[in-house]
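Asker: What follows is a single structure, and I will ask about it in a moment.
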Amino acid sequence: MSRLRIFSVLLLTICARGGCHLPDITALIELYNQTLGAQWASNTHWQDSPTPCSMRARWFGVGFFDPCDRWRDGYECNIGRVSSIYLQRNGLRGLLSRWQAVGELKNLSYLDLSWNSLSGSLPTELGSISNLVFVDGSHNEISGSLPTQLGTLNVGNPGVCIQELALSHNALSGFIPSDIAFLEGLERLDLQANRLSGSLPTALCSLPELNALHLGENQLSGTVPTCLGSLGKLRYLDAARNKLSGALPSSLGSVYVATSIHLSYNHFSGELPSQLGKLRVLRSLKLNDNSFVGSIPSEVGSLGSLEVLDLFNNTLVGAIPSSIENLENLKLLYVDNENTEPLQQHYCRQRLPNLRKYSWRILRDRYRQIADSVCDESYDTSFTFSTLEEVTGFET
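Under mature numbering (1 follows the signal peptide of the UniProt record, and there is no 0), read the sequence shown as residues -18 to -1, 1 to 378, first letter to last.
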């Protein structure tokens, strides 16, 4: 029998005698064994402490509830129920799917295994933990599909709702399961930078508390569901770098609390909905690298909080509307050459604003003829775009 197996048996015996909840200890030991615990960046007291409930030798990254059900992060943990596991950036390696005993951690509320080298699929047993409110497995090598069992989280415990599910920067594939609609208390869903495919499920519209939806850098296709406009608490929407298509639903103009909408690098078409002008607290709107047509709506000038506007590389026609001069907080503006006439007028005989994506084209192709032209006096004194950054260097 190996030293590790002997230690595990001895530890289980000691913990059972000391009043620790045996299934919780079993789950912790299995996690340690399956993720090469001996090679973790820190495994303090995982091997030398007789019980993880010890006030003086608590296992690194493990927290408990005290007898009064108060959060003490390891102090007075006589009840012996694991409530949190924080092992982010700790060198965990191995197949996460082999951690089948995770379902025994019935009091687990916080699970953070982010920034490790875990692979394999998500254990379906996660769905049986009714107290989970926070799960972060981002920045690993987790593969497979999102288990439908995630929809059963918090079942049987109506007073608890999972609030954050973060699995970004992995290798997850398949569809976003419709069962996600059952996570009614979910506030943040981060599935960015995976290999997810299929359409955006209307089940997302059944998450009334959702304030952050990160789905960028996947292979999602289809249209944006109109019902997303019903998410009254949605502040961050990121579905950039996918294969989404069709028209942008005007209902997005009803998400009045939105501060960031990033839908760049997709296949959207049609005209920009004028209803976007209702988003008065919007700070960043990135719709670049799509196939939008028509003109830039004058309602964009109503976005008083806007700091970043990116419409570069579409097929928009006409100049930037004059209403853009109302955007006093605008810092970065990315548009195509053919939309920049007002900028050229307002910056006659000056270096153009540092608009980066197109500025090199403006500076190289148009700067000299603008600088050599005779300016209209009415434009010489205009500081419409004074909040935009000035170019500090000029190269031809």
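Cβ atoms here follow ideal geometry from the backbone N, Cα and C, with glycine treated the same way.
Can you list, in chain order, the residues of its chain whose CB lies under 6 Å from that of Ser242, leaving out five sequence neighbours each side?
Answerer: Only Tyr218 and Ser266 meet the Cβ criterion.
Asker: Is it buried or exposed for Phe274, if we count other Cβ within 10 angstroms and need 16 for buried?
Answerer: Buried is the call here.
Asker: Are the beta-carbon atoms belonging to Ser246 and Lys268 less than 8 Å from one another?
Answerer: A contact, by the Cβ cut-off of 8 Å.
Asker: So, Gln145 versus Leu108, is the Cβ gap smaller than 8 Å?
Answerer: No. Outside cutoff.
Asker: Please classify Ser236: does DSSP put it in a helix, a strand, or coil?
Answerer: Looking at Ser236 - three-state DSSP - the assignment turns out to be helix.
Asker: Cα separation between Val282 and Asp94?
Answerer: So the alpha carbons of these two residues sit roughly 40 Å apart.
Asker: Return helix, strand or coil for Val44, following the three-state DSSP convention.
Answerer: Val44: strand per DSSP, three-state reduction.
Asker: To the nearest whole angstrom, what separates the beta carbons of Leu173 and Ser150, a pair I think is in contact under 8 Å?
Answerer: The Cβ separation is near 6 Å, so the contact holds.
Asker: Check whether the Cβ atoms of residue 431 and Glu289 lie closer than 8 Å to each other.
Answerer: Past the boundaries of the shown model lies residue 431; the chain is included only from -18 to 378, so the question cannot be answered.
Asker: Between the beta-carbon of residue 442 and the beta-carbon of Leu147, is there less than 8 Å?
Answerer: The structure shown does not extend to residue 442, since the chain is modelled only from -18 through 378, so no value can be given for it.
Asker: Here's a check: name, in chain order, each residue in its chain whose Cβ is nearer than 6 Å to the Cβ of Asn272, leaving out the five neighbours to either side.
Answerer: Asn248, Phe250 and Asn296.
Asker: What is the residue span of the beta strand (DSSP E) that Leu93 lies within?
Answerer: Tyr92 to Asp94 is the span of the beta strand (DSSP E), which, as asked, contains Leu93.
Asker: Say the cut is 7 Å; is the CB of Thr205 nearer than that to a heavy atom of the ligand HEM?
Answerer: In the structure shown, the ligand HEM is absent, as is every other ligand, since no ligand is present at all.
Asker: Helix, strand or coil for Asp318? Go by DSSP, reduced to three states.
Answerer: Coil.
Asker: For residue 394 and Val263, what's the separation of their Cα atoms in angstroms?
Answerer: Past the boundaries of the shown model lies residue 394; the chain is included only from -18 to 378, so the question cannot be answered.
Asker: Give me the Cα-Cα distance between Ala353 and Lys225, rounded to the nearest whole angstrom.
Answerer: Confidence at Ala353 is low in this model, with a pLDDT of 42, below 50, so its placement is unreliable and no value can be given for it.
Asker: Classify residue 384 as helix, strand or coil using the three-state DSSP reduction.
Answerer: Because the chain here runs from -18 to 378, residue 384 falls outside it and cannot be looked at.
Asker: Does Asn98 pass the burial test, meaning 16 or more other C-beta atoms within 10 Å, or should it be called exposed?
Answerer: The residue is buried, with at least 16 neighbouring Cβ atoms inside 10 Å.
Asker: Short of 8 Å in beta carbon distance, which residues of its chain neighbour Pro190, apart from the five on each side in sequence? Order them along the chain.
Answerer: Glu166, Leu213, Gly214 and Lys215.
Asker: Once DSSP output is grouped into helix, strand and coil, what is the label at Ser110?
Answerer: In the structure shown, Ser110 sits in a helix (DSSP, three-state: H, G or I).
Asker: Taking the alpha helix (DSSP H) that Leu77 falls in, what are its first and last residues?
Answerer: Careful: Leu77 lies outside any alpha helix (DSSP H), inside the beta strand (DSSP E) at Arg75 to Leu77.
Asker: Near Ser110, what residues of its chain come up, given a Cβ to Cβ distance below 6 Å and the 5 sequence neighbours on each side ignored?
Answerer: For Ser110, where only same-chain residues beyond five positions count, the Cβ hits under 6 Å are Gly85.
Asker: In chain order, what residues of the same chain have a beta carbon less than 6 Å from the beta carbon of His244, not counting five sequence neighbours either side?
Answerer: Taken in chain order, the residues that qualify are Asp220, Ala222 and Lys268.
Asker: Just mark Ala240 as buried or exposed, buried being the case when its beta carbon has 16 or more other beta carbons within 10 Å.
Answerer: With 16 or more Cβ atoms within 10 Å of its Cβ, Ala240 is classed as buried.
Asker: Would you give the residue range spanned by the beta strand (DSSP E) that Asp220 belongs to?
Answerer: Taken as a continuous stretch (DSSP letters only), the beta strand (DSSP E) holding Asp220 covers Tyr218 to Asp220.
Asker: I need the straight-line Cα distance from Leu254 to Trp22, nearest angstrom please.
Answerer: Their Cα atoms are separated by approximately 51 Å.
Asker: Could you give the distance in angstroms between the alpha-carbon of Pro207 and the alpha-carbon of Ile162?
Answerer: Approximately 15 Å between the Cα atoms of the pair.
Asker: Using only alpha-carbon positions, find the residue among Asn176, Leu230 and Asn122 that is nearest to Gln70.
Answerer: Looking at the Cα atoms, Asn122 is the closest of the given residues.
Asker: Name the residue from Asn193, Gln201, Leu100 and Phe116 whose alpha carbon lies nearest to the alpha carbon of Ile124.
Answerer: It is Leu100 whose Cα lies nearest to the Cα of Ile124.
Asker: I'd like the list of long-range same chain contacts for Leu197, defined as Cβ closer than 6 Å, with 5 residues on each side in sequence excluded.
Answerer: Excluding residues within five positions, the ones whose Cβ falls inside 6 Å are Leu173 and Ala221.
Asker: Is Leu178 near Asn200, with beta carbons less than 8 Å apart?
Answerer: Contact flag set, yes.
Asker: Since Ala9 is in the alpha helix (DSSP H), which residue starts that stretch and which ends it?
Answerer: Counting along the chain, the alpha helix (DSSP H) containing Ala9 begins and ends at Leu4 to Gln16.
Asker: Any idea if Thr33 is buried or exposed, counting beta-carbon neighbours within 10 angstroms, 16 or more meaning buried?
Answerer: Buried, by the Cβ-count rule.
Asker: What are the start and end residues of the beta strand (DSSP E) that includes His121?
Answerer: Run containing His121: none; DSSP gives neither H nor E here.
Asker: Determine the DSSP secondary structure at Leu258, reduced to helix, strand or coil.
Answerer: In the structure shown, Leu258 sits in a helix (DSSP, three-state: H, G or I).
Asker: Of all the options Glu169, Asn176 and Pro140, which has the alpha carbon lying nearest to the alpha carbon of Gly156?
Answerer: Considering only alpha carbons, the answer is Asn176.
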